[in-house]
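Numbering (the numbering used here), first residue to last: 57 to 486. Glycine is no exception: its CB is placed at the ideal position from the N, C-alpha and C atoms. First comes the structure, then the notes that go with it.
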Ligand code: ATP
C-alpha cells in the first residue's frame with residue numbers, strides 16, 4: 057500500500073498537517089479510526105490544498121468532533137439527524153466529520169436511508185471514483201492510501217468514472233457534478249459513464265430530484281472558475297434542460313461570460329464603494345438572456361431561490377434592456393438621470409448591463425455611476441432640512457432627492473447652496 061505522508065507534508069500547510077496528526081491522536085485515544093476522504097484526497101493527488109477537509113470516522117463522528125473542537129478551541133456545529141458535524145479551527149480550516157455509513161435508496165432519487173456501516177461501503181456510495189479514496193490518519197499507518205477501486209489508475213488516465221451502473225438513477229445530480237468535475241480537473245468523462253449519464257438524461261430522471269438539490273449544483277457550476285466550458289459540455293449532453301426546458305446555448309454566450317469577468321474585474325479594482333458581488337448570479341442572468349420573463353419566473357420559483365436572488369433575476373428581465381437602451385443613446389444624459397436609472401438596480405444587474413453593452417458610451421456611463429454617483433450624499437443632512445420646518449414625509453424625501461440630483465449634476469457645490477435650494481423647495485411645496 058502506498059504511503060502519502062511525504063506528499064501530504066509537501067502539499068498541505070503546516071497547520072493542516074498538525075491538525076491531521078491531532079485527529080490521529082484523538083482517534084487513538086477514543087479507540088476510533090479516522091480517514092481523510094473525498095475531494096481532499098483527490099486534490100492532494102493534484103497537489104492543490106483544499107481548505108474544506110472531509111474526514112470519515114469509524115465511531116461516533118459527533119462525539120469525535122466535540123473532542124477535537126474542545127482540544128483545539130474550535131467551533132463545532134452538529135447535525136444529529138445525519139450523525140455529522142463540522143469543526144472550524146481558529147485558522148478557519150473547516151473539517152466535516154461523518155460516521156462511516158452505507159446508504160440504501162428507498163426508491164431511486166429519494167433521500168438516502170442512512171445506515172451505519174463499514175468503511176468500504178462508504179467509499180462505494182460516492183459519486184465518482186476520483187472522490188472514492190481515503191488516507192488513514194491512524195497511529196501506525198498515518199498517510200496510507202486506501203484505494204479499493206483503482207482510483208490512482210483513473211487519476212493517471214485523467215478520467216471521471218462512476219462507481220456503478222445505477223449511479224445516475226440513484227442520484228441524477230451526479231450528472232451535473234460529473235461535468236463540473238471533468239472541466240474543473242481537465243479530465244474526461246469515461247465513455248461508459250458518459251453513456252449512463254446520457255441514458256439518465258434521456259429518461260428525464262432528474263425530474264424526480266428535489267429542486268433545491270439541483271439548484272445547489274447549478275450554483276456550484278456557476279461558481280467555478282470557468283463556468284462557460286461546463287455549460288457548453290452540458291449542452292453536448294443535452295443536459296441544459298435540467299435547468300430549464302427552453303434553455304439553449306446561445307451564440308455569443310462565451311463572449312458575454314468573458315465580458316462579465318472583465319466587468320467584475322473592473323468593479324473590484326475601481327469601485328470605491330466595493331460590495332461583494334454574486335458573480336454566479338450575473339452568469340445565470342446571462343445564461344437566461346433568451347428565456348422570457350415568465351420562463352425566468354418559473355425557474356426562480358421552481359428552484360426556490362432566495363427572495364433577493366429572485367428579485368434581481370426578474371429586475372434584469374423587466375428593466376435591463378430598457379435601461380441599457382437609454383444609457384447607450386448618443387444624446388447627452390445628465391448624471392442625475394443615470395443615477396435615477398441605475399440606483400434602483402442591484403450591482404449584479406448593473407454589471408451585467410456593463411458586460412452586454414455594445415456601446416462605449418453606455419459602458420462609460422455605468423463606470424461613471426460606480427465611480428462617482430453611487431453612494432453620493434448631499435452635504436446637508438436630514439436635520440438641516442428639519443430645521444427649515446419641513447416635517448418627515450413624502451415632501452421631505454422629495455426635497456432630499458432633488459437636492460441630490462442637483463448636486464450630481466454639478467449645480468449645487470456647497471452645503472450652503474444646498475440649504476438655500478432646499479429653502480426654496482420647502483416654501484414652494486412640491
Ligand atoms: P469541492 O472541491 O467542490 O468542495 P468535494 O469533492 O469536496 O468538491 P463536496 O460537494 O464537498 O465535494 O462533497 C464531498 C464529498 O461527498 C465528495 O467528494 C463526494 O465523494 C461526496 N458526494 C457529494 N455529493 C455526492 C453525491 N450526489 N453522490 C455521491 N457522493 C457525493
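Rounded to the nearest angstrom, what separates residue 158 and residue 196 at their Cα positions?
Unreliable placement is indicated for residue 158, whose pLDDT of 49 sits below 50; no coordinate value is reported for it.
In the DSSP output, which residue or residues are listed as bridge partners for residue 92?
In the DSSP secondary-structure assignment, residue 92 is bridged to 111 and 191.
Using only the heavy atoms of the ligand ATP, determine whether one of them is closer than 7 Å to the beta carbon of residue 221.
Result no, Cβ not under 7 Å from the ligand ATP.
Alpha carbon to alpha carbon, how far is residue 251 from residue 288?
One C-alpha to the other measures close to 18 Å.
What whole-angstrom Cβ distance do residue 80 and residue 198 have, given they're in contact under 8 Å?
At roughly 5 Å, the Cβ-Cβ gap stays under 8 Å, so residue 80 and residue 198 are in contact.
Helix, strand or coil at residue 220 according to DSSP, with G and I counted as helix
Residue 220 falls in the coil class under three-state DSSP.
Residue range of the alpha helix (DSSP H) that residue 154 falls in?
Residue 154 -> not in any alpha helix (DSSP H); beta strand (DSSP E) instead, spanning 150–155.
Could you check what DSSP says for residue 143 in three-state terms: helix, strand or coil?
Residue state, collapsed to three classes: strand.
Using only the alpha-carbon positions, how far apart do residue 479 and residue 450 sit?
Pairing residue 479 with residue 450, the inter-Cα distance amounts to about 16 Å.
By DSSP, does residue 252 sit in helix, in strand, or in coil?
Residue 252 sits in a helix when the DSSP states are folded into three classes.
Would you give the residue range spanned by the beta strand (DSSP E) that residue 371 belongs to?
That residue, residue 371, is in no beta strand (DSSP E); its alpha helix (DSSP H) goes 363–371.
Assuming residue 134 is part of the beta strand (DSSP E), what are its boundary residues?
Residues 131–135.
Output yes or no for whether 8 Å exceeds the beta carbon distance between residue 403 and residue 333.
A contact, by the Cβ cut-off of 8 Å.
With DSSP as the reference, label residue 398 as helix, strand or coil.
Helix.
Which whole-angstrom value is the C-beta distance of residue 120 and residue 88, which I expect to be below 8 Å?
Between residue 88 and residue 120 the Cβ distance is about 6 Å, and since that is below 8 Å, they are a contact.
Which term fits residue 236, buried or exposed, when burial requires 16 or more other beta carbons within 10 angstroms of its beta carbon?
By the 10 Å Cβ count, residue 236 comes out buried.
Which residues in the same chain as residue 431 place their Cβ atom closer than 6 Å to its Cβ, once the five residues preceding and following it in sequence are excluded?
Only 329 meet the Cβ criterion.
Kindly list the residues whose CB is nearer than 7 Å to the CB of residue 114, restricted to its own chain and excluding five residues on each side of it in sequence; keep chain order.
So the qualifying residues of the chain are 88, 89, 156 and 175.
Would you check if there are 3 or more beta carbon pairs closer than 8 Å linking the region 439–453 to the region 415–430?
Under the 8 Å Cβ criterion, the region 439–453 does not count as touching the region 415–430, having fewer than three qualifying pairs.
Could you please give the first and the last residue of the uninterrupted alpha helix (DSSP H) stretch that includes residue 323?
Bounds of the alpha helix (DSSP H) holding residue 323 are 309–326.
Bounding residues of the alpha helix (DSSP H) (the contiguous stretch that carries residue 384):
It spans 377–384 - the alpha helix (DSSP H) in which residue 384 sits, taken as one unbroken run.
Return helix, strand or coil for residue 333, following the three-state DSSP convention.
If DSSP states are grouped into helix, strand and coil, residue 333 belongs with coil.
Beta-bridge partners of residue 245, as assigned by DSSP
DSSP output for residue 245 lists 216 as bridge partner(s).
Should residue 110 be counted as a contact of the ligand NAP given a C-beta to heavy atom distance under 7 Å?
This structure simply doesn't include the ligand NAP; it includes the ligand ATP instead.
Across which residues does DSSP place residue 200 in a beta bridge pair?
Looking at the DSSP assignment, residue 200 forms a beta bridge with 59.
Residue 94: beta carbon under 7 Å from a heavy atom of the ligand ATP?
Residue 94: yes, Cβ under 7 Å from the ligand ATP.
Once DSSP output is grouped into helix, strand and coil, what is the label at residue 184?
Reduced to three states, the DSSP call for residue 184 is strand.
Candidates 272, 98, 268 and 108: closest to residue 211 by CA position
Minimum Cα distance to residue 211 is reached at 98.
Please report the residue range of the alpha helix (DSSP H) in which residue 71 lies.
70–86 is the span of the alpha helix (DSSP H), which, as asked, contains residue 71.
Between the alpha carbons of residue 455 and residue 107, how many angstroms are there, rounded?
Straight-line Cα distance between these residues: approximately 52 Å.
DSSP three-state call for residue 431: helix, strand or coil?
Three-state DSSP puts residue 431 in coil, outside helix and strand.
Residue 209 to residue 111 span [Cα, whole Å]
One C-alpha to the other measures close to 23 Å.
Using C-beta distances below 6 Å, list every residue in its chain close to residue 386, excluding the 5 sequence neighbours before and after it, in chain order.
So the list is empty, once near-sequence residues are dropped.
Tell whether a beta-carbon distance below 8 Å holds between residue 92 and residue 67.
No, they are not a contact pair.
So which of 409, 344 and 301 has the shortest CA-CA distance to residue 495?
With the chain covering only 57 through 486, there is no way to say anything about residue 495.
Tell me the residue span of the alpha helix (DSSP H) that contains residue 476.
Residues 471–484.
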